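Encoded as C-alpha cells, the structure appears first; notes follow it.
Residue numbers (full-length UniProt numbering): 1 to 345.
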C-alpha cells in the first residue's frame, strides 16, 4: 500500500495490518516463580554518560553489578522478555550482555549503524530486536547474528522505535517530525504522520492492547491516536492533542494496564496522565529530579515508575502517593536510560 503523508494536526490514514496480539502481562508481586537466580526476579538497570552500566537491587537501592562500557556513552537499554539478555545501545553499536553471567564482556556486538543508536526493543519472544539510529535507519537483528537482517530508510535521524503488540508492525519517529508505521510482512512504510512540520518527535508509545498511539515532541506536546485493527488494515484516528510540558518531552510511556501515560521532560519533572476515555487529565506531577529526566519505565503492575536523570540519579516512585521510595546513586554523569523487567516468568 502506498505511503500516506499527513500534514494536518493529526491526520487520518489507513494501512495494512498483520500479526496477532501478544498475551497479557504477569504481576510483579509473584516473585516465587522458579528461576535460575531468585535475585533476578526483578531486573533494574541504568546507564548514561559515565560509560558504566549499573544493575540495581530494586528494593534496597544497592548497586549489585557494574559493567564498563568505555568507548561510548549508553543511550538506551532493553531487557529481553526472558530476562536472559541486556541490550545496550550506544554510538554505532548495540551490545548484548548475558544477565545471568558475571562476565563483563558482551556476548555479541551488533555492527551496522554509522551513528548514535537511539532506541532498541526486543520481540516478545526475544528472537529478534529492532534498533533506531541518527544514521536515518531502522534495523532488524537476529540476536544470534552480528549483522542486520533488514534495513528501513527513515530519511531523517530516528529518535525512537517501538514494536506494536501484534509483533508485525514497527512505529518510529524522527527529527523531521514524522511518525511512521512499518509493516514487517510487506517490508514497507504504510503510514506517515506529521503532527507539526519540522518539530522533532522525541518519543512514541503504543498501548499494550493496541488501542492507542501516543507521540511526544520537542515543544512539549503530546498527540494521541486511536488504533483500530481489522485483518487487513490498521486504522488511525486522531483523538486529542495536549500541552504536557513547556520544554522538551524526552520520553512518553503508556503503563502496562493502559490507564496512565508518563511524560519525562527537560523541565526536570515527570507527569502522570489519566488515559480513561482519552481524557489525559493530569493526575500527578513527580518532583524531585534536579535536571532533565531522560527515561522512565513502569513496573509490570503499573504501580511504580523508575526514572533516570541528568542529575546522575535514578528514582523509584510510588505512583499512588507520588513519593520517591528509592534513590539509586552511583552514576558520575547524566543517567539517561533505564530498563526494568519485573514480570513473572
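A virtual CB, placed ideally from N, CA and C, is assigned to each residue, including glycine.
Just so it is clear, the structure is predicted and the values come from calculations on it, not from any experiment.
By how many angstroms is the C-alpha of residue j removed from the C-alpha of residue i?
i: residue 290; j: residue 224; result: 29 Å
i: residue 41; j: residue 55; result: 13 Å
i: residue 101; j: residue 95; result: 15 Å
i: residue 338; j: residue 47; result: 7 Å
i: residue 175; j: residue 158; result: 6 Å
i: residue 5; j: residue 115; result: Unreliable placement is indicated for residue 5, whose pLDDT of 47 sits below 50; the coordinate value is still reported in the next sentence. C-alpha separation (whole angstroms): 26 Å.
i: residue 205; j: residue 299; result: 16 Å
i: residue 281; j: residue 243; result: 11 Å
i: residue 91; j: residue 69; result: 11 Å
i: residue 306; j: residue 330; result: 15 Å
i: residue 131; j: residue 120; result: 4 Å
i: residue 229; j: residue 142; result: 27 Å
i: residue 207; j: residue 342; result: 18 Å
i: residue 258; j: residue 302; result: 9 Å
i: residue 218; j: residue 81; result: 30 Å
i: residue 236; j: residue 103; result: 45 Å
i: residue 109; j: residue 310; result: 27 Å
i: residue 178; j: residue 322; result: 33 Å
i: residue 67; j: residue 43; result: 15 Å
i: residue 51; j: residue 129; result: 23 Å
i: residue 29; j: residue 340; result: Below a pLDDT of 50, predicted positions are generally treated as unreliable, and residue 29, at 34, falls in that range; the measurement from the model is reported next regardless. Distance between the alpha carbons of residue 29 and residue 340: 14 Å.
i: residue 279; j: residue 88; result: 35 Å
i: residue 276; j: residue 313; result: 31 Å
For residue i, is the classification buried or exposed, using 16 other Cβ atoms within 10 angstroms of its Cβ as the cut-off for buried?
i: residue 111; result: exposed
i: residue 139; result: buried
i: residue 147; result: exposed
i: residue 134; result: buried
i: residue 118; result: buried
i: residue 93; result: buried
i: residue 144; result: exposed
i: residue 165; result: buried
i: residue 160; result: buried
i: residue 287; result: exposed
i: residue 315; result: buried
i: residue 251; result: buried
i: residue 107; result: exposed
i: residue 105; result: exposed
i: residue 234; result: buried
For the putative contact between residue i and residue j, defined by C-beta atoms under 8 Å, what is the C-beta separation to the nearest angstrom?
i: residue 169; j: residue 180; result: In fact, because the Cβ distance is near 10 Å, the residues do not count as touching under 8 Å.
i: residue 336; j: residue 97; result: Wrong, their Cβ atoms sit about 18 Å apart, outside the cutoff.
i: residue 171; j: residue 213; result: 6 Å
i: residue 210; j: residue 249; result: That belief does not hold up - the Cβ atoms of residue 210 and residue 249 are roughly 22 Å apart, past 8 Å.
i: residue 304; j: residue 294; result: Wrong, their Cβ atoms sit about 18 Å apart, outside the cutoff.
Segment contact, 8 Å Cβ cut-off, at least three pairs: the stretch 325-339 with the stretch 49-65: yes
The stretch 200-208 / the stretch 180-188 touching (three or more Cβ pairs under 8 Å): no
Any beta strand (DSSP E) of 3 or more consecutive residues that is wholly inside the stretch 263-321: 270-274, 282-286, 293-298, 304-309 and 314-318
Unbroken stretches of the beta strand (DSSP E), 3 residues or longer, contained in the UniProt repeat "WD" (151-192): 158-163, 169-174 and 179-183
Ordered list of beta strand (DSSP E) runs contained in the stretch 42-86, each at least 3 residues: 43-48, 52-56, 63-68 and 74-79
Runs of alpha helix (DSSP H) wholly within the stretch 229-255 (minimum 4 residues, chain order): As far as the stretch 229-255 is concerned, it has no whole alpha helix (DSSP H) run of at least 4 residues.
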